[in-house]
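Remarks on the structure that follows.
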Amino acid sequence: MAKIVVMPGTPGLQLHEVAHILPIGRGRDKTGYWISDFTVARVEYAAMVYNLLGLARVNGRFCCSGGATPFDTNGEPWWHMMREQYYNGRPEAVSMAEIAHKLGIPSCHVREEPDSWDTVTNIVFTEKRRLLGDDRPMAIVAHEAHLERALKVAKRIARRPYLGIVVPEGMRRDRDGLAARLATHAMLFGLHPYMQGKYDVYDKACRQSQIVWRLLGKTTTVPEF
């Protein structure tokens with residue numbers, strides 16, 4: 498097995514100190530029902546790391562984060578029985594969790610975050626809903642280019658120590674476009690964890706994300722936390 502490549506986040510945090518794993522989605526396929534090959538690769542690699550570190554023994558959570566971007570309108574209305582609501586197609590997180598179960602992650606440790614629409618809200622909703630259960634360190638799992646951006650989000654928003662785990666690239670490399678990087682930068686403008694006492698960082702991040710998407714011609718709806 499190739500060496501696990503760690504991208505630094507919180508200074509000094511080591512891989513063996515991580516308790517929770519957070520793979521973030523990278524889109525769905527054209528049917529709107531299943532996920533992209535990049536997303537599948539992330540879940541599979543994240544599950545391997547989770548099992549290798551033995552995180553089930555310490556009640557570590559495996560949180561699958563992703564719904565669909567506002568540009569992704571594929572799929573027919575899909576009913577989420579547990580949440581008792583319809584989604585436009587099947588959320589990434591649901592398909593991700595299905596793979597996690599098949600790869601041996603105990604159901605009691607798997608959590609779904611199916612409402613986020615971008616990298617900022619991936620982390621906002623995971624933290625706001627306390628899907629990881631406690632404040633122990635997490636590892637964010639993604640391909641290198643996207644992971645760099647996700648860690649910038651975590652630096653502004655996460656209330657816990659964090660680091661990144663780089664998913665190996667296949668024949669087709671994952672690209673993180675300039676537009677996505679600029680949009681995330683705008684969404685994070687003025688956000689700092691130490692300002693939490695003056696405003697709710699999570700709520701402000703959601704509002705700024707909504708503003709950016711409106712400027713791009715799309716609307717988003719923040720679900721109840």
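Note that our numbering has the sequence shown beginning at 498, numbered continuously upward. Even for Gly, the Cβ is constructed at its ideal location relative to N, Cα and C.
Buried versus exposed, by CB contacts within 10 Å (16 or more), residue i
i	result
Ser592	buried
Thr570	exposed
His640	buried
Thr536	buried
Ala680	buried
Arg670	exposed
Thr717	buried
Glu666	exposed
Pro508	exposed
Met635	buried
Asp631	exposed
His675	Sequence inspection shows Leu at residue 675; the His mentioned does not correspond to that position. The residue in question, Leu675, is exposed, as its Cβ has fewer than 16 Cβ neighbours within 10 Å.
Cβ-based neighbour list, residue i, same chain, cut-off 8 Å, excluding 5 preceding and 5 following
i	result
Trp531	Arg525, Arg587, Ser592
Gly601	Ala544, Asn548
Contact belief for residue i with residue j at Cβ below 8 Å, rounded distance in angstroms
i	j	result
Leu543	Val638	Note that residue 543 is Ala in the sequence shown here, rather than Leu. Between Val638 and Ala543 the Cβ distance is about 4 Å, and since that is below 8 Å, they are a contact.
Trp621	Cys703	At residue 621 the sequence reads Val, which differs from the Trp that was named. The pair is a contact, with the Cβ atoms about 6 Å apart (cut-off 8 Å).
Arg505	Leu629	Note that residue 505 is Pro in the sequence shown, not Arg. Not confirmed; about 20 Å, so no contact.
Val546	Ile662	6 Å
Gly529	Gly564	Their Cβ separation, rounded to whole angstroms, is 11 Å, which puts Gly529 and Gly564 out of contact at 8 Å.
Ser533	Glu610	That pair is no contact at about 17 Å.
Asn585	Ile521	About 19 Å; that fails the 8 Å criterion.
Val650	Ala538	About 21 Å; that fails the 8 Å criterion.
Cutoff 6 Å; reference residue i; Cβ partners in own chain excluding five residues on either side
i	result
Tyr583	Pro574, Trp576
Met684	Val617, Gln705, Ser706, Val709
Thr566	Trp614
Val719	Cys703
Ala594	Cys561, Val607, Glu609
7 Å CB neighbourhood of residue i in its chain, flanking five on each side removed
i	result
Glu624	Ile654, Ala655, Arg656, Tyr699
His689	Arg653
Ser604	His598
Arg678	Arg646
His701	In the sequence as displayed, the identity of residue 701 is Lys instead of His. These residues qualify, in order along the chain: Leu688.
Asp673	Ala642, His643, Arg646
Tell me the start and end of each unbroken alpha helix (DSSP H) in the segment 631 to 718 that is at least 4 residues and wholly inside, in chain order.
-> DSSP assignment within the segment 631 to 718 yields the following whole alpha helix (DSSP H) runs of 4 residues or more, N-terminal first: 641 to 654, 675 to 684, 698 to 712.
Per the contact definition of three or more C-beta pairs closer than 8 Å, is the segment 545 to 559 in contact with the segment 499 to 519?
-> Contact holds between the segment 499 to 519 and the segment 545 to 559, because three or more Cβ pairs, one in each stretch, are under 8 Å apart.
At least three beta-carbon pairs within less than 8 Å, the segment 708 to 719 to the segment 641 to 654 | As far as the Cβ criterion goes, the segment 708 to 719 does not touch the segment 641 to 654, which means the pair count is below three.
Report the residue ranges of all beta strand (DSSP E) runs contained in full by the segment 532 to 586; include only those spanning at least 3 residues, in chain order.
-> Those beta strand (DSSP E) runs which fall completely within the segment 532 to 586 and span 3+ residues are 559 to 562, 574 to 577, 582 to 585.
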